């Protein structure tokens with residue numbers, strides 16, 4: 001027995017130095033192999049017959065073992081197992097292979113979870129970098145929208161078709177009285193994102209991955225309330241994953257299905273909380289580009305604005321094309337862009353300084369800046385007067401009637417102050433003229449001691465209301481012209 005397999009076997013033989021006898025167990029185990037060859041040689045030959053795709057998951061038992069169902073499998077039997085859990089086995093068969101493949105080559109549920117969701121710190125550099133970009137975009141987007149919406153108090157309530165029909169009959173322009181964040185649904189958004197990430201339902205996400213994904217997603221709801229109605233603003237920035245295989249994923253491009261998902265979360269919250277609104281404004285952002293077919297759009301009860309972060313850290317925004325009903329509404333829509341007023345002023349300032357620094361001889365007027373930067377004319381004009389307030393610039397009107405800006409020392413054109421752009425007092429007096437006339441007539445009668453005219457006094461009230469309504473309509477018409 002010792003010499004039949006050469007020196008390699010002799011080293012392990014009880015007959016080597018220090019052994020006087022050959023134990024019975026030794027003879028019982030190796031007598032058969034004395035004629036057939038050692039067990040390791042048999043194992044290697046059997047492994048050689050395994051298909052290449054399965055070699056990682058098939059091994060040959062070197063001793064009797066029990067499988068996960070408690071069944072005893074004899075030594076030499078081929079079994080299926082994951083390399084990280086070689087003792088969790090089942091017999092290698094066509095039926096078991098099919099089940100093993102469906103279970104992601106792991107008989108144990110905890111192992112499957114670890115295969116699909118490895119430690120976050122093991123992510124590839126590319127995925128880790130884009131995740132950090134998503135986290136930064138989320139922080140910037142939500143902070144900008146929060147500042148824009150919270151500063152909308154005392155501004156005109158956005159007037160859209162879904163508001164009450166009598167809204168247009170008011171003699172004054174209703175203001176936003178109260179602004180508050182009413183819900184943070186980031187957890188609900190994260191949960192819904194996991195359902196569209198192409199992971200098996202039987203595999204639960206680990207707490208580490210859920211926390212990591214939650215840091216990339218955000219959804220908040222704001223309520224803007226006035227005397228007449230309430231509107232909601234829904235700000236969301238989803239980061240969607242797509243798994244190609246266990247532990248292998250990419251950041252998928254957000255599309256219309258993600259917008260519908262956000263709307264569904266909002267509508268479910270609205271039903272369950274009982275908080276309804278006359279209109280909803282959705283502003284959604286993405287750290288990557290939206291598909292070409294996804295653009296800002298307007299519907300009967302909601303409008304959607306989509307923004308994406310560019311390589312230089314700026315935002316490209318697509319808003320509904322038919323929202324320009326009124327200037328105040330356009331100003332409100334600017335608040336749905338992930339850019340604060342101060343950021344717009346800084347961007348305009350940078351372009352103005354470039355013109356001045358280059359020795360540009362022409363007028364740096366509103367239209368020129370609006371065309372180059374991509375802002376609305378009123379937004380640029382607001383930025384110019386804000387710059388003038390710093391004391392380093394001068395806003396003036398050119399001989400052609402355009403509003404321009406230059407250094408403080410400039411003497412071109414007529415200097416302008418923001419309140420002098422529109423002289424609304426003349427239109428207001430004209431619209432209230434009938435009511436003022438009746439009022440003067442009534443006061444004159446009182447001074448002269450003439451009989452009190454109830455009808456004349458009563459007529460002054462509707463005349464004053466009608467005059468104020470006309471003034472409001474005129475102001476809206478003038479804003480549309482801009």
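In my numbering, the protein residues as written are 1 to 482. Each residue gets a CB set at the ideal place from its N, CA and C atoms; glycine is no exception. Small disclaimer: the values here were computed from a predicted structure and weren't measured.
Which residue from the options puts its Cα closest to that of residue i?
i           : options            : result
residue 363 : 407, 140, 392, 252 : 407
residue 238 : 94, 340, 282, 106  : 282
residue 142 : 184, 159, 123      : 184
residue 94  : 318, 369, 50       : 50
residue 290 : 270, 259, 271, 265 : 259
residue 196 : 368, 355, 243, 248 : 243
residue 186 : 256, 198, 215      : 215
residue 135 : 199, 211, 343      : 211
residue 97  : 87, 82, 307        : 82
residue 392 : 401, 380, 382, 409 : 409
residue 394 : 365, 127, 275      : 365
residue 57  : 311, 257, 305, 105 : 105
residue 498 : 248, 371, 275, 73  : Nothing about residue 498 can be reported from this structure: the residues present for the chain run from 1 to 482 only.
residue 101 : 306, 122, 246      : 246
residue 127 : 359, 240, 99       : 240
Below 6 angstroms CB to CB, which residues in the same chain sit around residue i once its five sequence neighbours on both sides are set aside?
i           : result
residue 174 : 157, 226, 227, 228
residue 421 : Note on residue 421: pLDDT 49, under 50, position unreliable in the model; no value is reported.
residue 277 : 230, 231, 232
residue 224 : 176, 179, 231
residue 137 : 287, 309
residue 332 : 158
residue 320 : 296, 297, 298, 303
residue 200 : none
What span of residues does the alpha helix (DSSP H) with residue i cover, start to end?
i           : result
residue 372 : 366-373
residue 68  : Taken as a continuous stretch (DSSP letters only), residue 68 belongs to no alpha helix (DSSP H), as it is neither H nor E.
residue 94  : 94-102
residue 126 : 125-150
residue 385 : 377-388
residue 262 : 256-273
Give me, in chain order, the residues of the same chain whose beta-carbon lies closer than 8 angstroms to that of residue i; leave out the 5 immediate sequence neighbours on both sides.
i           : result
residue 340 : 144, 147, 148
residue 328 : 155, 156, 158, 159, 173, 479
residue 367 : 377, 402
residue 53  : none
What does a CB cutoff of less than 7 angstroms around residue i pick up in its chain, not counting 5 residues either side in sequence?
i          : result
residue 63 : 75
residue 91 : 67, 73, 77, 79
Between the beta-carbon of residue i and the beta-carbon of residue j, is there less than 8 angstroms?
i           : j           : result
residue 130 : residue 251 : yes
residue 345 : residue 280 : no
residue 318 : residue 300 : no
residue 397 : residue 403 : yes
residue 261 : residue 192 : yes
residue 139 : residue 181 : no
residue 79  : residue 68  : no
residue 315 : residue 309 : yes
residue 203 : residue 107 : no
residue 111 : residue 84  : yes
residue 189 : residue 120 : no
residue 113 : residue 206 : yes
residue 66  : residue 86  : no
residue 218 : residue 236 : yes
Residue range of the beta strand (DSSP E) that residue i falls in?
i           : result
residue 242 : 240-245
residue 61  : That residue, residue 61, is in no beta strand (DSSP E); it is neither H nor E in DSSP.
residue 302 : 302-309
residue 315 : 315-318
residue 395 : 393-397
residue 234 : 230-237
residue 78  : 78-82
residue 211 : No beta strand (DSSP E) contains residue 211, which is instead part of the alpha helix (DSSP H) from 207-214.
residue 177 : 176-184
Original post:
Do the segment 380-397 and the segment 347-354 meet, that is, are 3 or more Cβ pairs less than 8 angstroms apart?
Top reply: yes
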